[in-house]
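Here's the structure we're looking at; comments come further down.
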Amino acid sequence: IMKPLPTKGIPAPQVFDELESLRAGDVDWRSGRVFSLAYYAGPQAIAVAEDAYRRFSGENALSTDAFPSLKMMQSDVLSMVGPWLGADKDSAGFMTSGGTESILMVVKAARDQFAQTDGVTKPNIVLPTSAHAAFEKACHYFGVESRRADVGDDWRADIAAMDRLIDDNTVMLVASAPQYPQGVIDDVTGIAKLAQQHGINCHVDACMGGVTLAYLEKLGQPIPAWNLRVPGVTSISVDLHKYGYTSKGASVVMYRSKSLRAHQGFFTDNWLGGMYASSGMLGTKSGGSIASAWAVLRHLGEDGYTALTQQTRNATVQLADHIVAHPQLALRAYPESTLICFGATDPTLLNVFAVADELRIRGWYVDRQTPPDSLHCTVNAIHHDKIDAFVTDLDASINTVLSTRLSGDVGSYGNLE
């Protein structure tokens, strides 16, 4: 239904009432009944995130000359996040609007770098089938060929299969820590070594794990090497609006050196407006996400992130153990961080997408993915005391589907509307 601009302005209280009415059918992620898309560390943390965003929502991060506060905050964020990612004094990065933009920019940077240094005109990147869909988007946007290698039986990247796809036009290899679909960590050391052997870049997509893995290590959990401390890794990305619990629109991409980072930027004076420079896809962008990230990082601190990570990991293990013990469910891989993927032991008897439908009726939201047909849970801090209730409804949903032989659809992750 088309709604024209009101002839007469509507009073603010009425507009806000309409906004609340519009989102009545949205998932209630703050209640802990959503295992996807949004992350919640409690009312105090989100109050800090939202108030900081509000205070700087109108500032324009396109020009930090005009808003030096944003320049300072971005620098501070990179300094605070750098140790998680294994950055050192030579490392350099930028904030972006999210994991997709971070991935877009490292692909663009690799394309431009090897066009300049090696004369590569038909670049390709080699990545496992488990690497995020945003790499496909980047390749489509920037004229780079995507070469996907099958994963092994453990869902991790098959390094030998990746090696077979490398040629003189390959500019980058991709590893994930963890990969999103099944929640396992690729052999970053092996992939980075392969990149070194071929003289090409290696990007680690740690958009999901960059915060969590750093603190799981501090908590004593064995974690395979995954960040810039691994020789051969040239860049890494982490989303702060995920397990950093900041407002949406905050990711970091960190390069091993300033010279590598230099290929991310765009500069032109080929118009009548003078020199134009941009570090990412966006031109104008709100300062709100930068301020929110800065404020939440300082508010939570080391002790806050340590406690939140422990809560999240405990909830993840509790849910994973329930799935392992359930006769109708098959865990795709035991979670190495906080992502859980599971399906049916016998898909001919149990349609897991119908289970997701039943869970939605009971007020829960989980992601659906294929192949193979699976349900996916992104566990975060709000779930620390929600797993008992969730598995009760999960079991009830399974029983309903088994008794009625319901079927469901996979749906999609994102849309064009």
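Under our numbering, the letters of the sequence shown match residues 10 to 426, in that order.
Idealized CB from N, CA, C, for every residue including glycine.
Can you tell me which of the options puts its alpha carbon nearest to the alpha carbon of residue i?
i, options, result
"A158", "A142, C148 and P137", "P137"
"P231", "G313, H308, L222 and G18", "L222"
"F275", "L269, S78 and M290", "M290"
"H308", "A21, E59, D35 and I10", "E59"
"D37", "R371, D382 and A405", "R371"
"Q320", "R64, L71, L228 and G241", "L228"
"I175", "V153, R238 and A204", "A204"
"A54", "Y252, S266, Q273 and D355", "Y252"
"D127", "N178, L28 and A75", "N178"
"D248", "A302, I168, S139 and A286", "A302"
"L358", "D382, R341, R369 and Y343", "D382"
"G108", "N389, A334, N360 and I245", "I245"
"S266", "G241, E68, G41 and A286", "G241"
"D278", "H272, G310, S287 and R270", "S287"
"V90", "T413, N69 and E311", "E311"
"A365", "A21, D402 and G161", "D402"
"T243", "S268, P233 and E226", "S268"
"D428", "I19, V326, G352 and E226", "An answer regarding residue 428 cannot be provided, because it is not within the stretch 10 to 426 covered by the chain."
What is the DSSP secondary structure of residue i, counted as helix, strand or coil?
i, result
"L46", "coil"
"C148", "helix"
"L328", "helix"
"S246", "strand"
"D127", "coil"
"N69", "strand"
"I407", "helix"
"P22", "helix"
"L36", "Position check: residue 36 holds Val in this sequence, whereas Leu was assumed. Reduced to three states, the DSSP call for V36 is coil."
"A140", "coil"
"T315", "helix"
"V262", "strand"
"H212", "strand"
"T293", "coil"
"I299", "helix"
"S30", "helix"
"V135", "strand"
"S1", "Coverage of the chain is limited to positions 10 through 426, which leaves residue 1 absent and any answer about it impossible."
"T179", "strand"
"A234", "coil"
"V419", "coil"
"V239", "coil"
CB-CB under 6 Å to residue i, same chain, minus the five flanking residues each way: which ones, in chain order?
i, result
"T409", "E367"
"S298", "S256, G258 and A259"
"H385", "C350, D376 and Q378"
"S185", "A140, D195 and D214"
"V400", "H331"
"L87", "G102"
"A363", "V410, L415, S416 and G417"
"Q122", "H272"
"A118", "H272 and Q273"
"C148", "S155"
Mind checking whether residue i and residue j have CB atoms under 7 Å apart?
i, j, result
"L317", "I396", "no"
"C216", "A201", "no"
"Y49", "R39", "yes"
"V305", "Y254", "yes"
"V153", "V116", "yes"
"G135", "R156", "Per the sequence shown, the amino acid found at residue 135 is Val instead of Gly. Yes. Within cutoff."
"N236", "G95", "yes"
"I209", "V183", "no"
"R42", "W373", "yes"
"G283", "E68", "no"
"T387", "F144", "no"
Can you give me the Cβ contacts of residue i inside the same chain, cut-off strictly under 7 Å, excluding the 5 residues immediately before and after it?
i, result
"P187", "V193, I194, M217, G218, E345, S346 and L348"
"A300", "A61, Y62, R64, F65 and M82"
"T105", "S111, M114, S260, V262 and G289"
"E27", "none"
"V239", "V197, T198 and A201"
"N360", "V410, L415, S416 and G417"
"I407", "Q337, L359 and V364"
Got a sec: is the Cβ-Cβ distance from residue i to anything in chain C below 7 Å?
i, result
"P92", "Structure shown: chain C not included; a single protein chain is present."
Apart from the five residues on each side of it in sequence, which residues of its chain come closer than 8 Å, Cβ to Cβ, to residue i?
i, result
"L425", "For L425, the predicted model reports a pLDDT of 49, less than 50, meaning its position is unreliable; a value from the coordinates is still stated below. Same-chain partners within the cutoff: there are none."
"G292", "L71"
"T354", "P336, Q337, L338 and A339"
"W164", "S139, Q188, P190, Q191, V193, R341 and A342"
"V419", "F362, R377, Q378, T379 and D382"
"V220", "W93, V247, L249, K251, Y252, G253, Y314 and T318"
"L14", "none"
Runs of alpha helix (DSSP H) lying entirely within the region 339-405, each at least 4 residues, in chain order
Unbroken alpha helix (DSSP H) runs of no fewer than 4 residues, entirely contained in the region 339-405, are found at 361-370, following chain order.
Whole runs of the alpha helix (DSSP H) within the region 52-113, excluding any shorter than 4 residues:
List check, alpha helix (DSSP H) in window: 52-65 and 77-90.
Which ranges would you report for the beta strand (DSSP E) in the region 268-292 if only whole runs of at least 3 residues count?
Unbroken beta strand (DSSP E) runs of no fewer than 3 residues, entirely contained in the region 268-292, are found at 275-277 and 285-287, following chain order.
Within the region 186-231, ranges of the alpha helix (DSSP H) (whole runs, at least 4 residues):
Runs found: 197-207 and 221-227.
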